[in-house]
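Those protein sequences? They're chains A and B, same order as listed.
Counting with this note's numbering, you get residues 41 to 145 for the letters of the first sequence.
Counting with this note's numbering, you get residues 3 to 125 for the letters of the second sequence.
All remarks here apply to the structure that follows.
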Amino acid sequence: MKGVAKLSGIIGIGLFLHTIYSVLQHRKYLRLTDQPFEGVPLDIIVECIISLLLFSWGIINSQNLIPIKASTHLAKKSYDSFDNRPNFTTFNNRGKYINEIIKNN
Amino acid sequence: MLHPQQMQEQQQQQQNAQNAATIPEHYEMEYIQRNNKTIQLCQIPISILGGGIAGVIGFSGLSGFLFYFFVYIIFCSLFALKEKKNLHLYFPNPRSIWFDSVGGGLMSYILFWTFLYNIIHIY
Chain A
41 MKGVAKLSGI
51 IGIGLFLHTI
61 YSVLQHRKYL
71 RLTDQPFEGV
81 PLDIIVECII
91 SLLLFSWGII
101 NSQNLIPIKA
111 STHLAKKSYD
121 SFDNRPNFTT
131 FNNRGKYINE
141 IIKNN
Chain B
3 MLHPQQMQEQ
13 QQQQQNAQNA
23 ATIPEHYEME
33 YIQRNNKTIQ
43 LCQIPISILG
53 GGIAGVIGFS
63 GLSGFLFYFF
73 VYIIFCSLFA
83 LKEKKNLHLY
93 FPNPRSIWFD
103 SVGGGLMSYI
113 LFWTFLYNII
123 HIY
């Protein structure tokens, strides 16, 4: 789904660049044939709207939203992860001396 | 006729039921903000492209601003179409996506509108 969305976004940008090029070409043609400019042709406008729709569909579908209710996130956590308090861990215990005794024996 | 103690119990039960009905769902502010940021991240590129299109077609004056609202409505309706019935999962007030960030992409829209209008129709 995300790959399709990205592809449609890229196609939208490509169509948009193509419309820029075709409008520039149209204006150049009008200038060379000495005709007055009376708005952009309809097919270019349709192409613009299609490119906008494709691009926005792609952008919107490539993003993920997160559920905001706290219960949906808390339901996945285990009780041990709540009970874990790293601040209360003590490193000064008897393990050092016991280890020495075990080694000597 | 009920015993006074039974009456009291009944009252307490009613009160508990009322409290259970009025306890609001707890929302996480962090995720609300992240969802709003996601909407903004979607809106800005779309309004940039909309501005480019307005410049290509050659809108000037009020019609350009009307086109901005057209782009915004396209954005909102596509967003609502994507999350048909799940919007209440992601936003505390689902209807707010239709009018919450109307001016969010206006500045980038105007920038690209004037930019492409100048490139194509003036030079």
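C-beta: ideal position from N, C-alpha, C; glycine also.
- Ranked by Cα distance from Asp83(A), the options Thr73(A), Val44(A), Val63(A) and Trp97(A) are led by Val63(A).
- Nearest to Thr59(A) by C-alpha distance, out of Gly98(A), Thr112(A) and Val86(A), is Val86(A).
- Chain order gives no chain A residues near Cys78(B), where near means a beta carbon separation below 7 Å; the closest approach is about 10 Å.
- Within the DSSP secondary-structure output, Tyr29(B) pairs in a beta bridge with Lys109(A).
- Taking the C-beta atoms as reference points, Phe56(A) is found nearer than 7 Å to Ser91(A).
- Exclusion of the five residues before and after Asn145(A) leaves no residue of its chain whose Cβ lies closer than 7 Å to its Cβ.
- By the Cβ test, the stretch 95 to 104 of chain A is not in contact with the stretch 55 to 70 of chain B, since fewer than three Cβ pairs between them sit closer than 8 Å.
- Near chain A, meaning a CB-to-CB distance below 8 Å, the residues of the stretch 26 to 54 of chain B are Glu27, His28, Tyr29, Glu30, Tyr33, Ile34, Arg36, Asn37, Thr40, Leu43, Cys44, Pro47, Ile48, Leu51, Gly52 and Gly54.
- Here the stretch 66 to 76 of chain B does not lie against the stretch 71 to 78 of chain A, with fewer than 3 beta-carbon pairs under 8 Å apart.
- For Ser65(B), the enclosing alpha helix (DSSP H) stretches over residues Leu64 to Lys84.
- The beta carbon of Phe69(B) sits closer than 6 Å to the beta carbons of Ala56 and Phe61 from its chain, once the five residues preceding and following it are set aside; these are given in chain order.
- In the displayed model, Ala115(A) falls within coil according to three-state DSSP, outside both helix and strand.
- Among the CB atoms of chain B, one or more fall inside 7 Å of the CB of Ile100(A).
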